[in-house]
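Position 44 of the sequence shown, counted from 1, bears residue number 44 in UniProt numbering, the numbering being contiguous throughout. Every residue, glycine too, gets a C-beta built ideally from N, C-alpha and C. Quick caveat, the model's predicted, so the values are computed rather than measured. Heads up: the structure comes next, in structure tokens.
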Amino acid sequence: MQEREIRAFVTIADARRMDRAAQQLGYSQPAISYQIKCLEKSLRTKLFERTPEGVRLTDSGRRMLPTAREMLALMERMKRISGVGGNTGVGGNTGIDGVASELDHLLSEGAGAPSSTPR
């Protein structure tokens, strides 16, 4: 599961159209469709139903959307803390394993730990 796949999922859910979401993210429509296919395979569930008007979330997609938004927010927060900042871009490769590894690194350096120095 990659950040770009999660970002594609959230963007498509908001835009309700693959072509609009692809344009917003700077992807081709086949590329964004492939990202969703990979995410659906990873999660072992279908996230969208295709309709003549665009797409609509399945029940699974509706249940997963809030968590996907939280994941993106956490990834952005970790990037700010580590000084990376911003999105990893079109070819970004920040996966969940990478986020967990970065979190371990930050915590081992005390970046997320409260200060023990009295004020």
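| Asked | Found |
| --- | --- |
| If you drop the 5 nearest sequence neighbours on each side, which residues of the same chain put their C-beta closer than 7 Å to that of G92? | Note on G92: pLDDT 47, under 50, position unreliable in the model; the coordinate value appears next. Same-chain partners within the cutoff: E3, R4. |
| Using C-beta distances below 7 Å, list every residue in its chain close to G24, excluding the 5 sequence neighbours before and after it, in chain order. | According to the sequence provided, residue 24 is Gln. The question's Gly does not apply to it. Counting only Cβ-Cβ distances below 7 Å, and skipping sequence neighbours, we find T11, A15. |
| Short of 6 Å in beta carbon distance, which residues of its chain neighbour A68, apart from the five on each side in sequence? Order them along the chain. | I6, F9, V10 |
| I'd like to know if the segment 58-77 and the segment 35-48 are in contact, where contact means that at least 3 CB-CB pairs between them fall below 8 Å. | yes |
| From G83 to L72, what distance separates their C-alpha atoms? | 16 Å |
| Does the distance from the CB of L74 to the CB of A13 come in under 8 Å? | no |
| Return helix, strand or coil for G61, following the three-state DSSP convention. | helix |
| Rounding to the nearest angstrom, what Cα-Cα distance links I36 and E53 in this structure? | 18 Å |
| Do M78 and S42 have their CB atoms nearer than 8 Å? | no |
| Following the continuous beta strand (DSSP E) through E53, name the residue where it begins and the one where it ends. | No beta strand (DSSP E) contains E53, which DSSP labels as neither H nor E. |
| Which residue marks the beginning of the alpha helix (DSSP H) containing M18, and which one marks its end? | 18-25 |
| Measuring straight from C-alpha to C-alpha, what distance separates E40 and I81? | 30 Å |
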